[in-house]
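Protein sequences appear in the order of chains A and B. The opening residue of the first sequence carries number 120 in our numbering; numbering runs sequentially from there. The opening residue of the second sequence carries number 464 in our numbering; numbering runs sequentially from there.
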Amino acid sequence: MAVAAELRKTDRVFGAHRSHSHVLSMGASLHRLFAEVLAKETGLSRGMGGSMHLWDQPNGFYGSVPIVSGTVPLAVGAALAAKLQGSGDVGVAYLGDGAVEEGVVHESLNLARMLKAPVLFVVENNLFASHMHVSLRQPFEATARFAAANDIPYEVVDGNDVVSLRNAAAKLIDGARTGEGPGFLEAVTYRWYGHVDWREDIDVGVHRSADELLAWRKRDPVARLYQGLVSAGWFDERQLADMERAVNGEVENAWARAMLDAKPGLGAVTSHVFKKSLV
Amino acid sequence: MLAAFEYLLGRYPEVFVIGQGLWSPWYVGNSMTNLDKKFGAHRIIDTPVSESACTGAAVGAALAGMKPIVVHPRMDFMLYAMDAIVNQAAKWSHMVGGQAAPGVTIRAIINRGGEQGAQHSQALHAWFAHVPGLRVVMPTTVADARDLLIASVSCQDPVLFIDDRWLYSFEDDLPPVKELALSQLGPQRLLTGDDVSIIGSGYSTRLALEAAEILKASGVSVDVIDLRILNPLDCTKVIESATKTGRLLVVDGGWGPCGIAGEVIAQVAESVPAGAMKKSPVRLTLPFAPAPTAQILEQAYYPTVDSVIDRVKKLMD
Numbered sequence: 120m121a122v123a124a125e126l127r128k129t130d131r132v133f134g135a136h137r138s139h140s141h142v143l144s145m146g147a148s149l150h151r152l153f154a155e156v157l158a159k160e161t162g163l164s165r166g167m168g169g170s171m172h173l174w175d176q177p178n179g180f181y182g183s184v185p186i187v188s189g190t191v192p193l194a195v196g197a198a199l200a201a202k203l204q205g206s207g208d209v210g211v212a213y214l215g216d217g218a219v220e221e222g223v224v225h226e227s228l229n230l231a232r233m234l235k236a237p238v239l240f241v242v243e244n245n246l247f248a249s250h251m252h253v254s255l256r257q258p259f260e261a262t263a264r265f266a267a268a269n270d271i272p273y274e275v276v277d278g279n280d281v282v283s284l285r286n287a288a289a290k291l292i293d294g295a296r297t298g299e300g301p302g303f304l305e306a307v308t309y310r311w312y313g314h315v316d317w318r319e320d321i322d323v324g325v326h327r328s329a330d331e332l333l334a335w336r337k338r339d340p341v342a343r344l345y346q347g348l349v350s351a352g353w354f355d356e357r358q359l360a361d362m363e364r365a366v367n368g369e370v371e372n373a374w375a376r377a378m379l380d381a382k383p384g385l386g387a388v389t390s391h392v393f394k395k396s397l398v
Numbered sequence: 464m465l466a467a468f469e470y471l472l473g474r475y476p477e478v479f480v481i482g483q484g485l486w487s488p489w490y491v492g493n494s495m496t497n498l499d500k501k502f503g504a505h506r507i508i509d510t511p512v513s514e515s516a517c518t519g520a521a522v523g524a525a526l527a528g529m530k531p532i533v534v535h536p537r538m539d540f541m542l543y544a545m546d547a548i549v550n551q552a553a554k555w556s557h558m559v560g561g562q563a564a565p566g567v568t569i570r571a572i573i574n575r576g577g578e579q580g581a582q583h584s585q586a587l588h589a590w591f592a593h594v595p596g597l598r599v600v601m602p603t604t605v606a607d608a609r610d611l612l613i614a615s616v617s618c619q620d621p622v623l624f625i626d627d628r629w630l631y632s633f634e635d636d637l638p639p640v641k642e643l644a645l646s647q648l649g650p651q652r653l654l655t656g657d658d659v660s661i662i663g664s665g666y667s668t669r670l671a672l673e674a675a676e677i678l679k680a681s682g683v684s685v686d687v688i689d690l691r692i693l694n695p696l697d698c699t700k701v702i703e704s705a706t707k708t709g710r711l712l713v714v715d716g717g718w719g720p721c722g723i724a725g726e727v728i729a730q731v732a733e734s735v736p737a738g739a740m741k742k743s744p745v746r747l748t749l750p751f752a753p754a755p756t757a758q759i760l761e762q763a764y765y766p767t768v769d770s771v772i773d774r775v776k777k778l779m780d
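Here it is, written out as structure tokens:
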């Protein structure tokens, strides 16, 4: 949300393996997201993508894929396109700390810098790639060292602090829009749940403990924003509770609706292989 | 090909070219001479040594409304870009329910001979013909080199356009450009005959044509079909030809196992009327080994006009 607050619908956002929040942050329909997760034909990708392949280009979300780092060069290219088109739009690549271990990320950083492509690399460094802690995969935990190596302006922020994240994003996105080339934003955060499901995954995670998880849960970004809004006097507890109730209702309704939607017709097995499919 | 690039860049502002060697005269023969000077270095982008990021960037630019052409001066190096080609470009339309597709053209050049050895010589078209969602184009004639490149760039789907340096010396007088819809194109008969069908693609089709010319003198009439579009592969014309002649030779500059020649023969075997074949089909491919380096070994390695004639004579026995 913090990054999306600085974006417009004509920007070009690419997600990764875990992008439900990214697509929603651009304004996607919650019902269509749920329908896609359930592989229903009303879904964001018409039921052909599922949780890992989300698409909402009319809202600026160009797509997400589970191949680690797969969309990073695509975001550079979409940003290069914006530069060639003179549109002032930016590309955004969401990636994780695991993705910076892929070679193409380094190629992409260098290429973006050399082409002065208006792209923001957002690394959600949650310290884990699947089950492996970053300390078992890299000699340093901060991934922004690769921005420095490629002469790209960067910010490292507390990823669980929505306000400072937005401020850092604003600075880097503004630079990209005004011709200064790429930016790199590292948001340090934590993955509460397991790699693939709703369990906390403390037993299979390497270097992952219940104590550490509890410490990170205390830094819940939504709770912190909630507290901040109340202590600043912008909202009172009751207003926020009403808002939460309304949102919960919206979520329940969207899920219930998506559950009733239809699966894609059998023709979809081959009908989308090409744009105007002849197969 | 130079004419195709000039046509596309002159007519369509969304076309740009990205790849290694584009500001240098020796990488891509004369096929891109002075394009950077004529259309500007911002549209003819010579790049860092990053096949993967450059191909991925072109896929992303295509999703954002551009018509990029990626150039890989040696197909072997393009293997660094397999994720962008196979996982991303080829699957995008399918994964998003047909709501978007990257209309990117990836030009891969087959460059063999000259003692360049195993990593500057590969013809891997069959790999890409195996992948749904990619269009794979392989021109043989001078006209196709121009017109199929234009058709590839105009197409909304990702296209792998594979051209062979051994074809660069052929010349022809061409009529004005006529824009074609790639999805409507397929194999083309280049010679009509009754005794034997020879099927090829790219340089292999040239071998077939030259062999057919020589065989004509000894009274053998050859039907030559150039595949042109390897993916999606439409073998209708090939099946008709094999049914007519009853003798089928498929020549391919790639390896035999799981290759294009095997695929063509399989499609014919599935559809030809029982009893129509006078002889078992034959394929002429590379020995199942990486390309050698020594010239004397290269001569033994690649199919030649003589080896095509030899196979046809055996089919005619």
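By construction, the Cβ of each residue, glycine as well, lies at the ideal position given by its N, Cα and C atoms.
Give me whichever residues DSSP pairs with residue i in a beta bridge.
i: B/Ala571; result: B/His535 and B/Ile625
i: B/Ile481; result: B/Ile508 and B/Val533
i: B/Tyr764; result: The partner list for B/Tyr764 (beta bridge, DSSP) is empty, contrary to what the question assumes.
i: A/Gly134; result: A/Ser183
i: A/Tyr213; result: A/Val241
i: A/Phe303; result: A/Phe240 and A/Tyr273
i: B/Asp689; result: B/Gln651 and B/Gly663
i: B/Arg746; result: B/Val713
Thinking residue i and residue j are a contact (beta carbons under 8 Å), I'd like their distance in whole angstroms, please.
i: A/Val392; j: B/His557; result: 5 Å
i: A/His252; j: A/Arg327; result: 7 Å
i: A/Ala261; j: A/Val275; result: 6 Å
i: B/Glu514; j: B/Met541; result: 6 Å
i: B/Ala675; j: B/Val687; result: 6 Å
i: A/Val241; j: A/Val211; result: 6 Å
i: A/Ala263; j: A/Glu305; result: 5 Å
Put residue i into one of helix, strand or coil per three-state DSSP.
i: A/Gln404; result: Any answer about residue 404 of chain A is impossible in this case: the structure gives chain A only from 120 up to 398.
i: B/Thr655; result: coil
i: A/Ile186; result: coil
i: B/Ser704; result: helix
i: B/Tyr475; result: coil
i: A/Arg357; result: helix
i: B/Trp555; result: helix
i: B/Asn443; result: Since the first residue shown for chain B is 464 and the last is 780, residue 443 of chain B is missing from the structure and cannot be characterised.
i: A/Trp174; result: coil
i: B/Trp718; result: strand
i: A/Tyr312; result: coil
i: B/Lys777; result: helix
i: A/Thr161; result: coil
i: A/Ser390; result: helix
i: A/Glu155; result: helix
i: A/Ser140; result: helix
i: B/Met545; result: helix
i: A/Tyr345; result: helix
i: A/Asp330; result: helix
i: A/Val398; result: Confidence in A/Val398 is poor, its pLDDT being 41 and thus under 50, which makes the residue's placement unreliable; the coordinate value appears in the next sentence. Looking at A/Val398 - three-state DSSP - the assignment turns out to be coil, as it is neither helix nor strand.
i: B/Lys419; result: Because chain B spans 464 through 780 in this model, residue 419 of chain B falls outside it and cannot be assessed.
i: A/Asp380; result: coil
i: A/Gly169; result: helix
i: A/Val122; result: coil
i: A/Arg364; result: helix
Length at least 4, wholly inside the region 230-284 of chain A: the alpha helix (DSSP H) runs in chain order: 264-268
Cβ-based contacts, 8 Å cut-off: residues of the region 165-192 of chain A near chain B: Arg165, Gly166, Met167, Gly168, His172, Trp174, Gln176, Tyr181, Gly182, Val184, Ile186, Gly189, Thr190, Val191 and Pro192
Members of the region 201-228 of chain A that neighbour chain B once the beta carbon cut-off is set at 8 Å: Ala201, Leu203, Gln204, Gly210, Gly222, Val223, Glu226 and Ser227
Runs of beta strand (DSSP E) lying entirely within the region 573-637 of chain B, each at least 3 residues, in chain order: 598-600 and 622-627
Members of the region 515-545 of chain B that neighbour chain A once the beta carbon cut-off is set at 7 Å: Ser515, Ala516, Cys517, Gly519, Ala520, Ala521, Val522, Gly523, Ala524, Leu526, Ala527, Gly528 and Met529
Under 8 Å (Cβ pairs) to chain A, residues found in the region 722-745 of chain B: none
Interfacial residues, the region 376-395 of chain A to chain B, with Cβ spacing under 9 Å: Pro383, Ala387, Thr389, Ser390, His391, Val392, Phe393, Lys394 and Lys395
Interface residues of the region 122-137 of chain A facing chain B [CB-CB below 9 Å]: Arg131 and Phe133
Contact residues within the region 618-630 of chain B, judged by C-beta distance below 8 Å to chain A: Gln619 and Asp620
Chain A contacts made by the region 549-583 of chain B, where a contact means CB separation under 8 Å: Asn550, Gln551, Trp555, Ser556, His557, Met558, Val559, Gly560, Gly561, Gln562, Ala563, Ala564 and Gly566
Under 7 Å (Cβ pairs) to chain A, residues found in the region 592-621 of chain B: Here the close residues are Pro595, Gly596, Gln619 and Asp620.
Proximal residues, the region 745-765 of chain B versus chain A, C-beta separation under 9 Å: none
Interfacial residues, the region 639-663 of chain B to chain A, with Cβ spacing under 8 Å: Ser646
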